[in-house]
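A quick write-up on the structure given underneath.
Protein chains: 2
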Amino acid sequence: MTAPKTVNLKTLSQALGLSQTTVSRALNGFPEVSEKTRARVVEAAKRLNYRPSPSAASLATGKSRLIGHVVSLSEHIMINPHFADFIAGAGEVYAQSGYDILLRLAPLSEQERIYVNLAQDQRVDGVVVHGPLTGDSRIGILNGLGLPFVVHGRCDDVGEDYSWMDVNNRRAFHRATRFLIELGHRRIALVNGLEAMNFAHRRRQGYDLALEEAGIAPDPALLFSADMVEPYGYNATREMMALADPPTAIVVASVLPAIGITRALADLGLRPGEDVSIITFDDCLSFLQAGYRGGARDIPYFTSMRSSIRDAGKRVAQMLLERIDNPSASPEHELWEADFVIGQTTAPPRQG
Amino acid sequence: MTAPKTVNLKTLSQALGLSQTTVSRALNGFPEVSEKTRARVVEAAKRLNYRPSPSAASLATGKSRLIGHVVSLSEHIMINPHFADFIAGAGEVYAQSGYDILLRLAPLSEQERIYVNLAQDQRVDGVVVHGPLTGDSRIGILNGLGLPFVVHGRCDDVGEDYSWMDVNNRRAFHRATRFLIELGHRRIALVNGLEAMNFAHRRRQGYDLALEEAGIAPDPALLFSADMVEPYGYNATREMMALADPPTAIVVASVLPAIGITRALADLGLRPGEDVSIITFDDCLSFLQAGYRGGARDIPYFTSMRSSIRDAGKRVAQMLLERIDNPSASPEHELWEADFVIGQTTAPPRQG
DNA sequence: GAAAAAATCCAAAGCGCTTTGGAGAGGCAA
DNA sequence: TTGCCTCTCCAAAGCGCTTTGGATTTTTTC
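One line per chain: the protein sequences are A and B, in this order. The first sequence begins at 11 in our numbering and counts up one residue at a time. The second sequence begins at 11 in our numbering and counts up one residue at a time.
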């Protein structure tokens with residue numbers, strides 16, 4: 011069928027009667043080649059099915075056209091399902107610009123070393139930092155390496171500037187908690203993510219602030235912090251509902267544990283909204299999306315703070331590609347506000 | 011701090027007073043270098059923090075130490091959450107062998123072209139084929155390219171041999187359906203995955219066979235085929251339960267729609283197990299795992315056919331690495347049987 | 001002790017691309 | 001015509017590694 015012999019720059023330039031230099035320049039859009047020649051080269055390249063070798067180009071330029079995503083395996087979650095949607099968004103952007111994702115799994119403790127190696131090896135042109143902690147040491151390392159990077163989220167207490175894209179978690183949780191307070195709730199639980207993670211830390215701040223403004227003392231028995239999986243929501247709820255003074259409302263960090271909460275309530279014969287109000291942060295996870303809804307109707311099931319993690323992935327990818335194109339530009343920051351969507355899981359607390 | 015100047019083979023060999031050849035051979039474990047010299051070289055390499063350049067090595071050997079995973083974005087699911095767990099398993103194996111994942115997002119229609127390009131570019135050393143269809147044309151292409159690959163699942167009606175790793179979906183669904191029949195159920199619904207996918211096709215065959223053996227005519231009103239997301243299970247259930255003759259049992263292809271089923275039943279005031287039996291295929295998704303369970307107890311919630319998709323990822327990765335090491339070996343096949351685990355969602359049908 | 005065999009090591013030729021530092025060819029003014 | 005641009009294009013030097021085809025030294029064998 012097609013030519014079995016691989017055509018490289020040398021072959022192509024010989025076929026055209028031009029030098030490799032000219033062909034290379036023509037293909038890469040350099041100005042010192044006439045449009046007529048360029049057209050001829052481009053046509054021949056297409057006709058002969060010429061594709062430049064990535065490793066040769068990489069060796070010559072130092073650019074790999076690979077974006078590093080190094081993700082850690084947490085205790086319960088192998089790969090975070092939130093991450094899957096994030097990468098889907100990012101991957102779309104990369105694909106459009108001819109980049110690929112280099113995915114590496116590694117425990118958090120090895121990530122700094124990995125960044126150093128990736129940079130030294132010139133294996134990737136940039137990296138996305140996932141799951142930033144408060145005062146994350148990876149930022150300092152990356153700044154020192156000069157490897158372009160963008161953080162998904164933020165790290166407080168890092169004494170350096172860096173590019174990040176984040177959702178206003180503090181405000182979202184402040185608003186959600188205040189909403190519940192205004193409905194009349196006083197016993198409000200927080201089923202949070204791991205508070206070592208900055209996003210969860212900030213969510214906690216928002217929750218705390220709303221309680222404080224209302225003069226409600228936080229109750230440690232209503233505070234949870236763990237990996238955001240389904241059984242976590244279930245177990246936390248079973249535990250809380252067994253208290254002498256159970257909560258009348260729950261703010262939860264992800265739809266995954268929120269599902270666990272509804273399952274626990276169902277076991278107890280309780281109905282979300284009517285018996286216990288629930289507000290969840292909704293990352294618009296695709297496999298729950300397009301309606302974890304109340305039926306044919308378009309009313310969402312959960313009352314939620316909503317922000318698409320997939321869109322976040324897109325945006326972070328764009329920011330990173332811009333940084334790669336222009337590494338000396340000063341860091342950029344982007345903060346998104348979450349939507350607040352009222353669904354069927356919130357109501358004033360039961361009387362009595 | 012550390013040496014700012016990058017140390018390459020040339021530098022290293024000069025520092026040692028050896029030729030690049032010897033150093034290269036020492037580092038790569040060739041026999042023609044004495045153990046004494048090798049030890050000396052290895053020590054110096056470590057001390058000087060020498061790391062061979064991947065792109066240079068790749069250019070010289072034609073090996074990239076990258077494994078291609080090209081995944082498609084389906085209609086509802088951006089990236090399949092089942093895929094996330096699969097890649098977690100595979101990634102662990104790759105990491106141990108010094109491989110990385112090259113992840114590319116692309117619609118199914120472009121995948122053949124992408125495989126051709128990846129092979130021609132020598133960008134990857136092998137690929138994993140995801141989501142095989144019945145009679146999938148990707149197999150023929152890949153065999154023709156000589157690019158090592160392993161299929162996760164199987165493609166029937168492909169007139170060629172190839173390596174695959176699959177779960178015995180037909181037998182699992184046959185067994186589950188027969189189990190329900192033996193409990194006394196006659197109205198058994200199938201909430202299947204997309205039946206264009208081979209795994210779903212086989213699941214359907216198992217279901218059909220069990221019905222046929224029991225002399226039950228399949229009812230199209232009880233057959234569903236779609237992307238395995240939560241709302242799918244919800245909607246299918248709402249639809250079926252509104253029938254004049256609703257099902258008393260449901261066999262479902264994933265825990266995700268199974269959760270939707272339980273939500274729909276809860277809306278209708280029905281209890282899984284007691285009112286409607288449910289058997290689901292359980293891929294042991296990590297974010298539901300470690301117990302989508304019935305409480306503190308260790309009795310699983312769903313009665314299920316269980317097979318860890320993460321373990322499948324590990325196994326597929328191993329098989330692929332073996333194929334890469336030994337490309338001329340004849341294709342390997344591996345078929346796993348799913349466990350059948352009895353939980354709380356199955357019981358004989360209600361009387362009357 | 002010499003020849004043969006084995007053990008070490010090396011120089012240099014790629015792998016396929018980019019890029020530096022010109023060179024040749026026209027066009028224009030003087 | 002000569003001199004000086006501007007336009008096009010090119011030869012060759014890397015990028016850092018692997019590997020071929022010896023060369024040199026050491027060990028073994030008779």
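Just so it is clear, CB atoms sit at the ideal spot from N, CA and C, and this is done for glycine as well. Note that the structure is a prediction, hence the values are computed from the model and not measured.
Residue-level contact check: A/A94 touches chain B, since one or more beta carbons of chain B fall below 8 Å from its beta carbon.
Scanning its chain for C-beta atoms nearer than 6 Å, with the 5 sequence neighbours on each side dropped, one finds around A/P158 the residues G136, R333, I334 and P337, in chain order.
Residues of the stretch 314-344 of chain B whose Cβ lies closer than 7 Å to any Cβ of chain A, in chain order: R320. The beta-carbon of A/F183 is placed no less than 8 Å from the nearest beta-carbon of chain B. Around the beta-carbon of B/N38, fewer than 16 other beta-carbon atoms lie within 10 Å, marking it exposed. Not a single CB atom of chain A sits nearer than 8 Å to the CB of B/Q30. Looking at the DSSP output, A/G136 bridges to A/I77. Residue pairing by DSSP places A/D292 opposite A/R316 in a beta bridge. Contact of B/S119 with chain A is not assigned, every C-beta pair being separated by 8 Å or more. Checking the DSSP bridge columns, you'll see B/E344 partnered with B/M175. DSSP, read as helix, strand or coil, puts B/F40 in coil. Distance from the Cα of A/S65 is smallest, within the candidate group A/A94, A/L113 and A/V134, for A/V134.
Looking at the DSSP output, B/S63 bridges to nothing.
For B/R114, the enclosing beta strand (DSSP E) starts and ends at D110 to L115.
By the C-beta density criterion, A/A49 is exposed, having fewer than 16 other C-beta atoms within 10 angstroms.
Closer than 8 Å to the CB of B/S235 there is not a single CB belonging to chain A. Each of A/G78, A/K20, A/A70 and A/E42 was checked against the Cα of A/A54, and the nearest Cα belongs to A/K20.
Below the 9 Å Cβ cutoff, chain A contributes I111, L112, L113, R114 and L115 as neighbours of B/I111, in chain order. Boundaries of the beta strand (DSSP E) harbouring B/S235: L233 to S235, taken from the DSSP string. The shortest CA-to-CA distance from A/E222 to any of A/I198, A/S235 and A/D237 is the one to A/I198.
For B/V286 and B/R316, the gap between their C-alpha atoms comes out near 20 Å.
For A/N202, there is no enclosing alpha helix (DSSP H); the enclosing beta strand (DSSP E) covers residues I198 to N202. The Cβ atoms of B/T272 and B/P282 sit closer than 8 Å to each other. In the DSSP assignment, B/L152 is bridged to no other residue. Not a single CB atom of chain A sits nearer than 8 Å to the CB of B/D135.
Cβ-Cβ separation between A/R180 and A/G156: approximately 31 Å, too far for a contact (criterion under 8 Å). In this structure, the straight-line span from the alpha carbon of A/I191 to that of A/A268 is close to 19 Å.
Around the beta-carbon of B/A70, fewer than 16 other beta-carbon atoms lie within 10 Å, marking it exposed.
Under the criterion of beta carbons closer than 8 Å, A/F234 and A/N202 qualify as touching, at roughly 6 Å.
Per DSSP, B/H195 lies in no alpha helix (DSSP H) and is assigned neither H nor E.
Assignment of A/I191 by DSSP, reduced to helix, strand and coil, places it in the helix class. The Cβ atoms of A/N178 and A/E344 lie no closer than 8 Å to each other.
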